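Inspection log for the structure reproduced underneath, given as structure tokens.
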Amino acid sequence: MNRIDSSLIALRRILRATDMFGRELAQSAGLTAVQLRVLQVVGETGQSTATAISNRMRVSQATVTVLVDKLVARGMVQREKSQSDRRQTDILITNLGQQTLATAPDPLQQRYVSRFLAMQDWEQAMLVAALERVAAMLDAEDMDAAPVLDSGEIGRTAP
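In our numbering, the protein residues as written are 10 to 168.
Printed below as a string of structure tokens:
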């Protein structure tokens, strides 16, 4: 097998792993990976703002609004006018949202993070450089992407 085939097989394995996790998450929690990440961010303190989520996940505020809309529709978060600044809207986690976080499968990126942190510093740097190079090769270096392993579109709906 040549290096081209080996690299394509490795990419395909990564895509399949993220796809399989996405299906497991959709079946068990009814969410996409990015919806789960938004729920996790809100769940860390019980409330957040769209701006804070947008900054944390490095996605546009419009993307966060769509994701929060879906979580509101599922009853996992709710919007409420801020008590400290009436111009702002807080996003609060509901009991259902907390239950969903407690029962959701272990996120794929958590496994990645723990294994990445176990690597030597030089290995981490090499891996980041290689992944950035692959993104550039696929003309994806400027795409709006959250630090979430998900093979689907950010705005897609979970079944």
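Ideal placement from N, C-alpha and C gives every residue a C-beta, glycine not left out. None of these values were measured; they are calculated from a predicted model.
query, result
"Anticipated Cβ contact below 8 Å, Leu-76 with Gln-56, distance rounded", "Rounded, the Cβ-Cβ distance is 16 Å, inconsistent with contact."
"Buried or exposed (CB count within 10 angstroms, at least 16 for buried), Thr-60", "exposed"
"Beta-carbon spacing of Met-66, Arg-46 below 8 Å", "yes"
"Among Thr-98, Gln-129, Thr-54, Ala-19, nearest to Gln-70 - alpha-carbon criterion", "Thr-98"
"Selection from Ile-18, Arg-12, Thr-27 that minimises the alpha carbon distance to Pro-116", "Thr-27"
"Residues that DSSP places opposite Val-86 in a beta bridge", "Ile-102"
"Any beta strand (DSSP E) of 3 or more consecutive residues that is wholly inside the region 29-87", "none"
"Test item: CB-CB of Leu-48 and Val-81 under 8 Å", "no"
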